[in-house]
Amino acid sequence: MPYNIQGYCEEKQEVHIHNDLPQNTPQLEVHCASGDDDLGHRYPGIGTEFNWSFCPTFSTLYFCHFWWNGKDLRFDVFNNSDACVRNRGHGFIPYDTSDCHWQVKDDGFYIGYFNQNVGQVIYTKYLDW
Numbered sequence: 029m030p031y032n033i034q035g036y037c038e039e040k041q042e043v044h045i046h047n048d049l050p051q052n053t054p055q056l057e058v059h060c061a062s063g064d065d066d067l068g069h070r071y072p073g074i075g076t077e078f079n080w081s082f083c084p085t086f087s088t089l090y091f092c093h094f095w096w097n098g099k100d101l102r103f104d105v106f107n108n109s110d111a112c113v114r115n116r117g118h119g120f121i122p123y124d125t126s127d128c129h130w131q132v133k134d135d136g137f138y139i140g141y142f143n144q145n146v147g148q149v150i151y152t153k154y155l156d157w
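When you line the sequence shown up against my numbering, it's residues 29 to 157, in that order.
Structure below.
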């Protein structure tokens with residue numbers, strides 16, 4: 029559990045949404061929220077990201093709704109403080125990962141984590157549009 033006995037946050041979680049859609053395509057729109065924190069609608073430019081951090085509890089859940097090029101999809105981007113999402117990105121995300129990375133591409137959504145050994149975020153396909 030990321031809280032100590034006094035209730036202070038010991039380790040914040042971060043979620044990163046990376047827009048890696050092709051150049052000269054429609055604008056990506058993203059709306060992310062939890063039960064008590066609405067992050068509003070965001071429009072990250074191609075090649076940029078937006079991110080947020082928070083102190084999770086055992087019940088923290090953030091979802092995002094994505095719209096792009098006539099497509100839309102909604103799913104949980106965080107629901108597990110040990111590995112971003114309960115299925116660990118189909119087993120890809122290591123336990124005790126504190127940064128959850130999502131990459132939006134024209135063929136779907138990729139989940140990733142920062143790999144200390146190679147010094148970069150490593151991704152795997154998670155969902156199709």
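Don't be surprised by glycine CBs; every beta carbon is placed ideally from N, CA and C.
Can you check which of these residues, Phe78, Leu101, Glu77, is closest to Leu155 by C-alpha distance? Leu101
Should Thr76 go down as buried or exposed, given a rule of 16 or more other Cβ atoms within 10 Å for buried? exposed
In whole angstroms, what is the alpha-carbon distance linking Pro72 and His46? 8 Å
In angstroms with no decimal places, state the Cα-to-Cα distance between Arg70 and Asn145. 32 Å
Can you give me the Cβ contacts of Leu89 inside the same chain, cut-off strictly under 8 Å, excluding the 5 residues immediately before and after it? Ser62, Gly63, Asp104, Phe106, Asn107
Mind checking which residues open and close the alpha helix (DSSP H) that includes Gly119? 116-119
Determine whether the beta carbon atoms of Phe86 and Lys40 lie at a separation below 9 Å. no
First and last residue of the beta strand (DSSP E) that includes Val149? 148-155
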